[in-house]
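Protein chains in written order, with the working numbering: chain A, 444 to 878; chain B, 444 to 878.
Cβ atoms here follow ideal geometry from the backbone N, Cα and C, with glycine treated the same way.
Protein chains: 2
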Amino acid sequence: MSSPVSITRLTTTQDNFNQQLDQLLAWEAVSDTSVNEAVNDILHQVKHHGDKAVMEFTARFDRLEVADFSQLEMSQERLQQALDGLPDDQRRALELAAERVRVYHEKQLQPSWNYTEADGTMLGQQVMPMDRVGVYVPGGKAAYPSSVLMNAVPAKVAGVKEIIMVVPTPGGEVNELVLAAACISGVDRVFTVGGAQAVAALAYGTETVPQVDKIVGPGNIFVATAKRAVFGTVGIDMIAGPSEILVVCDGKTDPDWIAMDLFSQAEHDEDAQPILVSWDASFIDQVQASIEKLLPTMERESIIQASLRDRAALIQVKDLDEALEVTNRIAPEHLELSIDDPMSIVERIRHAGAIFMGRYTAEALGDYCAGPNHVLPTSGTARFSSPLGVYDFQKRSSLIMCSADGASELGKTASILARGESLTAHARSAEYRIK
Amino acid sequence: MSSPVSITRLTTTQDNFNQQLDQLLAWEAVSDTSVNEAVNDILHQVKHHGDKAVMEFTARFDRLEVADFSQLEMSQERLQQALDGLPDDQRRALELAAERVRVYHEKQLQPSWNYTEADGTMLGQQVMPMDRVGVYVPGGKAAYPSSVLMNAVPAKVAGVKEIIMVVPTPGGEVNELVLAAACISGVDRVFTVGGAQAVAALAYGTETVPQVDKIVGPGNIFVATAKRAVFGTVGIDMIAGPSEILVVCDGKTDPDWIAMDLFSQAEHDEDAQPILVSWDASFIDQVQASIEKLLPTMERESIIQASLRDRAALIQVKDLDEALEVTNRIAPEHLELSIDDPMSIVERIRHAGAIFMGRYTAEALGDYCAGPNHVLPTSGTARFSSPLGVYDFQKRSSLIMCSADGASELGKTASILARGESLTAHARSAEYRIK
Numbered sequence: 444m445s446s447p448v449s450i451t452r453l454t455t456t457q458d459n460f461n462q463q464l465d466q467l468l469a470w471e472a473v474s475d476t477s478v479n480e481a482v483n484d485i486l487h488q489v490k491h492h493g494d495k496a497v498m499e500f501t502a503r504f505d506r507l508e509v510a511d512f513s514q515l516e517m518s519q520e521r522l523q524q525a526l527d528g529l530p531d532d533q534r535r536a537l538e539l540a541a542e543r544v545r546v547y548h549e550k551q552l553q554p555s556w557n558y559t560e561a562d563g564t565m566l567g568q569q570v571m572p573m574d575r576v577g578v579y580v581p582g583g584k585a586a587y588p589s590s591v592l593m594n595a596v597p598a599k600v601a602g603v604k605e606i607i608m609v610v611p612t613p614g615g616e617v618n619e620l621v622l623a624a625a626c627i628s629g630v631d632r633v634f635t636v637g638g639a640q641a642v643a644a645l646a647y648g649t650e651t652v653p654q655v656d657k658i659v660g661p662g663n664i665f666v667a668t669a670k671r672a673v674f675g676t677v678g679i680d681m682i683a684g685p686s687e688i689l690v691v692c693d694g695k696t697d698p699d700w701i702a703m704d705l706f707s708q709a710e711h712d713e714d715a716q717p718i719l720v721s722w723d724a725s726f727i728d729q730v731q732a733s734i735e736k737l738l739p740t741m742e743r744e745s746i747i748q749a750s751l752r753d754r755a756a757l758i759q760v761k762d763l764d765e766a767l768e769v770t771n772r773i774a775p776e777h778l779e780l781s782i783d784d785p786m787s788i789v790e791r792i793r794h795a796g797a798i799f800m801g802r803y804t805a806e807a808l809g810d811y812c813a814g815p816n817h818v819l820p821t822s823g824t825a826r827f828s829s830p831l832g833v834y835d836f837q838k839r840s841s842l843i844m845c846s847a848d849g850a851s852e853l854g855k856t857a858s859i860l861a862r863g864e865s866l867t868a869h870a871r872s873a874e875y876r877i878k
Numbered sequence: 444m445s446s447p448v449s450i451t452r453l454t455t456t457q458d459n460f461n462q463q464l465d466q467l468l469a470w471e472a473v474s475d476t477s478v479n480e481a482v483n484d485i486l487h488q489v490k491h492h493g494d495k496a497v498m499e500f501t502a503r504f505d506r507l508e509v510a511d512f513s514q515l516e517m518s519q520e521r522l523q524q525a526l527d528g529l530p531d532d533q534r535r536a537l538e539l540a541a542e543r544v545r546v547y548h549e550k551q552l553q554p555s556w557n558y559t560e561a562d563g564t565m566l567g568q569q570v571m572p573m574d575r576v577g578v579y580v581p582g583g584k585a586a587y588p589s590s591v592l593m594n595a596v597p598a599k600v601a602g603v604k605e606i607i608m609v610v611p612t613p614g615g616e617v618n619e620l621v622l623a624a625a626c627i628s629g630v631d632r633v634f635t636v637g638g639a640q641a642v643a644a645l646a647y648g649t650e651t652v653p654q655v656d657k658i659v660g661p662g663n664i665f666v667a668t669a670k671r672a673v674f675g676t677v678g679i680d681m682i683a684g685p686s687e688i689l690v691v692c693d694g695k696t697d698p699d700w701i702a703m704d705l706f707s708q709a710e711h712d713e714d715a716q717p718i719l720v721s722w723d724a725s726f727i728d729q730v731q732a733s734i735e736k737l738l739p740t741m742e743r744e745s746i747i748q749a750s751l752r753d754r755a756a757l758i759q760v761k762d763l764d765e766a767l768e769v770t771n772r773i774a775p776e777h778l779e780l781s782i783d784d785p786m787s788i789v790e791r792i793r794h795a796g797a798i799f800m801g802r803y804t805a806e807a808l809g810d811y812c813a814g815p816n817h818v819l820p821t822s823g824t825a826r827f828s829s830p831l832g833v834y835d836f837q838k839r840s841s842l843i844m845c846s847a848d849g850a851s852e853l854g855k856t857a858s859i860l861a862r863g864e865s866l867t868a869h870a871r872s873a874e875y876r877i878k
């Protein structure tokens with residue numbers, strides 16, 4: 444007999460709804476002083492002592508001692524061997540997922556463009572891939588092959604010439620599925636290092652590890668702190684908070700399905716945040732009953748229970764309009780619209796990482812194989828950021844080529860504005876080109 | 444008689460060329476402990492005491508005392524009055540610049556898209572503007588109306604509903620050109636506050652200043668430190684380093700033009716970096732002579748001289764190929780290709796913020812009115828980042844709507860992969876949808 448599951452229940456009609464919701468959503472990742480100091484020391488050591496420092500930290504933190512740095516690099520043959528060693532169904536599933544992710548992300552490719560004005564002046568934008576990208580993959584239990592696909596395939600589609608993967612192998616323990624995913628994704632080099640020392644090696648380069656232009660991929664607090672510190676030397680993706688799902692349901696989906704969809708976020712970790720919004724109070728009761736029924740059957744029961752107790756909510760709203768209002772306010776990472784005609788209202792969703800529409804579209808499909816990326820903005824950052832995509836591995840250069848006539852005309856305007864800003868070298872540089 | 448100008452001269456054939464170049468390019472913006480502490484205190488005060496704290500800091504730092512926060516807001520009428528008060532030529536120049544910036548940036552608008560697979564599953568990407576954006580504009584001498592256009596117009600083109608500008612007015616001193624530029628750009632509200640307190644007000648919101656989704660625009664070390672600190676709560680643009688120009692010239696452009704183009708970066712500040720690359724040694728001598736001839740005629744002679752002495756270089760290379768190699772290594776903010784047929788080689792430029800092609804295209808034209816943005820990646824960050832653009836004010840949501848058949852097929856793959864990652868709630872959520 445399981446204990447009853449305590450989940451916060453809110454209604455938009457209660458006096459302090461906004462305040463309660465704010466409290467529930469509040470999340471601040473804090474790197475404490477000791478983490479900052481440890482990370483800064485590691486960054487400094489790797490920057491100045493390269494391979495040697497990385498080897499020392501790997502021995503200390505990952506209990507992996509090697510005589511030579513080359514032993515920390517994994518060969519392409521080893522990756523292929525991991526792929527060849529997989530059971531057929533897993534290999535087929537990984538390959539299918541990679542293929543669908545590739546096809547979807549190809550639609551995100553941005554071409555260069557330009558246009559020519561009447562006087563012959565050409566303006567445009569040249570789009571180029573980055574030269575080299577680093578993908579951080581966590582080791583041990585939280586090693587997700589799907590994460591390798593989601594980070595490496597878009598970089599490959601963007602045309603990045605070299606993808607360097609780092610993955611710690613604590614005590615020498617490797618994850619064959621992760622290596623197989625690296626093989627399928629076309630990762631160029633793999634180093635079995637992790638933590639802040641791996642981030643430092645990628646950001647500054649060492650004798651063996653080449654410096655990259657951008658570092659992507661999830662990691663623990665040391666990895667996140669190191670990424671934040673090297674931002675500017677290299678590009679980074681977002682620093683992710685705990686995973687969240689918001690399910691908006693009209694009450695006509697099987698409550699067991701909705702309960703399991705909520706569990707699929709909750710099982711990630713105790714801080715994960717599953718929220719249900721519905722205007723059908725009796726349906727919310729049914730989902731609560733399904734949760735109580737299904738929870739004892741879950742492998743990760745204790746994690747799910749903690750997430751439900753501390754971070755979840757069942758929110759009763761007046762109607763669909765109010766549900767959309769709450770949704771835009773939360774700006775969820777994952778949004779399930781488990782309703783009749785989601786296409787008719789999707790344009791009213793202003794902020795969400797990914798939108799799963801209709802009763803059949805379980806969020807889990809998007810995590811693995813639907814095609815879109817599973818690296819998504821968390822903690823309300825969908826207000827200003829996007830899923831990881833090909834655009835994160837391309838960058839743009841403005842193109843300007845003035846004709847003699849164009850430069851003469853534009854020079855007059857530039858001269859007036861530059862003199863208005865007291866920048867007379869700017870003005871005179873433009874004036875030289877006036878006929 | 445002016446003193447001779449000392450400028451570093453390098454050739455790629457010298458032994459320590461790479462090392463010398465690295466030293467020249469090295470730049471690290473450091474916020475020291477006292478700046479960090481001051482900024483953290485300001486952020487904390489504004490977060491917890493709102494308007495009152497902003498008023499106190501404005502009185503203390505900008506010598507601007509007001510009885511009520513409403514006196515720190517500037518009306519649309521005041522902006523219009525600034526525009527109406529401009530001399531005709533300045534008004535026309537500003538309006539022409541804004542119009543050209545608008546037309547160019549409209550080409551950057553990214554549409555939503557979707558596609559439907561054979562089994563009826565729909566995948567896509569919904570593109571939305573941010574709701575509200577903050578534009579920081581420095582006060583006093585470094586107040587640039589062009590910067591208002593370059594930050595606000597792309598946001599407007601993206602469809603941002605509300606643009607909030609903050610601009611300090613130390614001692615009550617306002618810049619009419621900046622207000623006129625705000626009027627032309629369609630800025631919605633203007634607050635005459637600056638520094639870390641303005642960044643905090645935009646990031647957290649106060650009783651009067653609404654919270655924004657992203658903060659863009661240049662500022663001093665306090666502003667830059669505050670932006671870095673609030674990153675994550677809101678989006679920010681890049682933290683800019685000093686401005687740079689790299690001129691690649693075949694020796695056939697008037698050396699006075701090239702000297703003045705180098706000055707136009709150097710006059711920004713002592714840390715600005717102008718570099719000339721050419722394979723014509725005698726042309727480099729001619730540019731050096733032009734520099735010595737023209738420098739004494741410059742209003743900002745002492746700033747230019749300091750920049751030339753400490754940060755500039757005249758680099759002799761073997762040929763065009765080597766010039767492009769050096770260019771890609773430097774990844775300059777501004778690149779002038781002052782050569783015969785720049786179109787034929789522009790695709791070999793992998794890293795640059797903006798590329799000014801041909802002898803007529805002075806970099807200054809791009810600063811004001813050519814159309815492309817003048818907010819560009821500095822200090823080699825063009826390796827992984829882009830000019831400010833409409834894409835910085837749009838964000839994307841993935842769309843996934845599975846048909847019953849699609850969910851059934853994808854569910855099988857998702858189930859295998861989820862079980863491979865020991866995420867059984869994910870697996871069961873997908874399996875519910877298998878027929």
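Does any residue of chain A bring its CB to less than 9 Å from the CB of residue i?
i: Phe-665/B; result: no
i: Asp-728/B; result: no
i: Tyr-587/B; result: yes
i: Ser-445/B; result: Its pLDDT being 49, under 50, Ser-445/B is placed unreliably by the model, and the measurement read from it follows with that caveat. It does not; no Cβ of chain A falls within 9 Å.
i: Val-691/B; result: no
i: Val-789/B; result: yes
i: Asp-620/B; result: Contrary to the premise, residue 620/B reads as Leu rather than Asp in this sequence. Interface residue, yes.
Return yes when the Cβ of residue j is within less than 9 Å of the Cβ of residue i, no when it is not.
i: Gln-551/B; j: Tyr-834/B; result: yes
i: Ala-639/A; j: Phe-500/A; result: yes
i: Tyr-587/B; j: Ser-846/A; result: no
i: Gly-863/B; j: Ala-536/A; result: yes
i: His-794/A; j: Ala-756/A; result: no
i: Phe-706/A; j: Ser-858/B; result: no
i: Glu-713/A; j: Asp-656/A; result: no
Does chain B have any CB closer than 9 Å to the CB of residue i?
i: Ala-709/A; result: yes
i: Ile-843/A; result: yes
i: Val-677/A; result: yes
i: Phe-441/A; result: Nothing about residue 441/A can be reported from this structure: the residues present for chain A run from 444 to 878 only.
i: Glu-687/A; result: no
i: Trp-722/A; result: no
Could you please give me the residues that DSSP links to residue i through a beta bridge?
i: Val-690/B; result: Leu-719/B and Glu-779/B
i: Ala-756/B; result: Thr-451/B and Ile-718/B
i: Trp-470/A; result: Trp-470/A is not bridged to any residue.
i: Ile-607/A; result: Gly-577/A and Arg-632/A
i: Trp-556/B; result: Gln-568/B
Of the choices the options, whose alpha-carbon is the least far from that of residue i?
i: Asp-783/B; options: His-777/B, Phe-799/B and Glu-776/B; result: Phe-799/B
i: Lys-736/B; options: Leu-529/B, Val-509/B and Asp-699/B; result: Asp-699/B
i: Asp-475/B; options: Ala-541/B, Leu-592/B, Ile-664/B and Pro-611/B; result: Ile-664/B
i: Glu-508/A; options: Val-497/A, Ser-518/A and Met-517/A; result: Val-497/A
i: Pro-572/B; options: Cys-812/A, Val-578/A, Pro-653/A and Arg-791/A; result: Arg-791/A
i: Ser-750/A; options: His-711/A, Ile-788/A, Ala-766/A and Leu-719/A; result: His-711/A
i: Lys-838/A; options: Leu-842/B, Gln-837/B and Ser-829/B; result: Ser-829/B
For the alpha helix (DSSP H) holding residue i, just list the boundary residues, first then last.
i: Lys-736/B; result: 724-737
i: Pro-597/A; result: 588-601
i: Ala-861/A; result: 847-863
i: Ile-773/B; result: 763-773
In the DSSP assignment, find the unbroken beta strand (DSSP E) run with residue i in it and report its ends.
i: Ser-840/B; result: 837-844
i: Gly-406/B; result: The structure shown does not extend to residue 406/B, since chain B spans only 444 to 878, so no value can be given for it.
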